[in-house]
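Our numbering puts the first residue of the sequence shown at 393, with every later residue one more than the last.
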Amino acid sequence: VLVVRSFFLLLVLLMPQALLAQYSEFGRADSLRGTLNRYRSCYDVKHYDLEVKIDPELRRIAGSNVIQFQVLSATRTIQIDLFAHLKISKILYQGRELDFEREHNAVFVDFPTQLQPGTRHEMTVLYGGTPIEAKNPPWDGGFVWEKDKNGRPLIGVACEGMGASSWWPLKDHLSDEPDSMRMRFILPEGLKLVSNGVYRGETSLPGNFTRHEWAVTYPINSYNVTFYIGDYIHFREYYQNKEGLHPLDYYVLRGNEKVARAHFRQVKDMLAAFEGFFGEYPFWNDGYALIETAYWGMEHQGAIAYGNGYKNNEFGFDFIIVHESAHEWFGNSLSVGDHGEMWIHEAFATYAEALYVESMEGYEASVRYLRSQRPMIENRVPILGPLGVNFDAWPDSDMYMKGSWMLHTLRSAVDDDARWFAALRAFATENRLRILTTGEVIAFFNRKLVQKYSRFFDQYLRYPQLPVLEYRVEGKKKKSVFSYRWRAEAEGFLLPVEVSFGGKQIRIYPKTEWQSLSDRTFSENDIRFDTNLGLYDLRKAR
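Right, here's the structure in full:
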């Protein structure tokens, strides 16, 4: 899947200039990594065939990737990506070596003749070196070289933000996912390995090595490609939905099988809830798996990293299981083409946690859960980041928590749960295995909700500040005047608000100009705003 987006849709078009100072400067390396230039937009990846030999003792890797692609516009040069700490030994095409040139982490590959639109080609990239070691995974990307409590190797990789090109060569831009992929990993004998998708077996190799083969039959975004090496015990359960019986695979460290069997019982309820809200699980042909790892968690497609120590939160569920599984719908199936738009992944996955609570305990419990998220909202920078530079430097968790509250606020504004949940389900199902931009998301909800919410999204996505509801009360108790307006950066911002006067609740529709309600019997102390329904600040006007 290929989405072509102009480099000129940068932050300049999306954010007020005053906010640019909140981010560090971007250079040539950022643009090479984050932009769809003509050497990337000229081709569409169809399949990767990755083979990696992993040496746990030396902490080195070596391997190859066969890149199959279709040409979209005539070119003699294409860009692939591989971090400079890893060396490319050669690139092969039709039995000959290709010339290539490196600039930062980008590699420009020259072909002997011009490649014509519509033609399909493949080339093999051979490489090796010492991969970056993660200092604080999964937030800080790279390889994880750990040992379990029994001293056995516990190895993996998490590279969201950093990029898959930190450990294997590819077209490392989120807008272009391969239609399918094969992964083969060569390890010393006796080590167990789990990866994404379908297990295709293992082969003994000379020198006491084993090749482990896995395959993904769906499109997959590059940072989701992963592996897990550990002393794993595998067990399987089955989940029943209207389409049939589906296997659930669990890989847990030796000694944890008993606690895992009990703890993972919540997976079936979670899947049932999410299938109810968002439609059928998108990757049944490749399966659903949880794999115990040394780091907290990651939404690796069909092979979710789990490292939360089998703990439930105060609401009675393990939020790592729920949040990372929600990414199978939002992040893995419905994806973004630019890291600056990761709110589309994270806001919906975080909001899905509250919906899971609602499915299990009801609406009031979900509101309590949302209230537990609210103190983590900081309102320092916009939750929509700059485009075209592989931006991954948010200083807070607002694209999670503020994004979740934005969606809850939108539900309250719609004030029609049947329409809201129909739109939410359609969003996931109609955009299955698609890559969307922020503009496309907003346009989708404008259509489905039969009302324009563009200015609503502008305020919450493009500005750090919350909208402020200003109000004042004038007059005497027998004839009071209540006045109100929005103060917001997004021009023409609109959002209805629930207000009660002495226990009688009404819905008001503030604008950016003052409006008033009069001839009501109330005092200032009688006014209550239902802030459980929306994310905004209140300010009494002088």
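Where a beta carbon is used, it is the ideal one built from N, C-alpha and C, also for glycine.
- In this structure, the beta-carbon distance from residue 573 to residue 439 falls below 8 Å.
- DSSP places residue 562 in the strand class (E or B) of the three-state scheme.
- The bridge partners DSSP lists for residue 821 come to none.
- In terms of Cα proximity to residue 591, the closest of 452, 598, 575, 484 is 575.
- In the three-state reduction of the DSSP assignment, residue 666 falls in the helix class, which pools H, G and I.
- Per DSSP, the continuous beta strand (DSSP E) segment holding residue 513 begins and ends at 512-521.
- Within a 10 Å sphere around the beta-carbon of residue 803 sit 16 or more other beta-carbons, which makes this residue buried.
- In this structure, residue 619 places its C-beta atom within 8 Å of the C-beta atom of residue 548.
- In the three-state reduction of the DSSP assignment, residue 721 falls in the coil class.
- Cβ neighbours of residue 777 within its own chain (closer than 6 Å, five residues either side excluded): 732, 783.
- If you draw a 10 Å sphere on the C-beta of residue 812, you find 16 or more other C-beta atoms in it, and that means buried.
- Residue 687 places its beta carbon less than 8 Å from that of residue 530.
- Under the 10 Å beta carbon count, residue 810 is surrounded by fewer than 16 other beta carbons and is classified as exposed.
- The continuous beta strand (DSSP E) containing residue 538 extends over residues 534-539.
- About 11 Å separates the CB atoms of residue 791 and residue 769; that is not less than 8 Å, and the two are not in contact.
- Residues of the same chain with a CB within less than 7 Å of the CB of residue 833, apart from the 5 flanking positions on each side, are 736 in chain order.
- In the DSSP assignment, residue 744 falls within the unbroken alpha helix (DSSP H) covering 735-753.
- In this structure, the beta-carbon distance from residue 887 to residue 859 falls below 8 Å.
- Assignment of residue 789 by DSSP, reduced to helix, strand and coil, places it in the coil class.
- Note that the C-beta distance between residue 652 and residue 659 is not below 8 Å.
- DSSP, read as helix, strand or coil, puts residue 486 in coil.
- Residue pairing for residue 898: DSSP places it in a beta bridge opposite 891.
- When beta bridges are read from the DSSP output, residue 609 appears opposite no residue.
- Taking the Cα of residue 478 as reference, the smallest distance to any Cα among 518, 661, 757, 465 is reached at 518.
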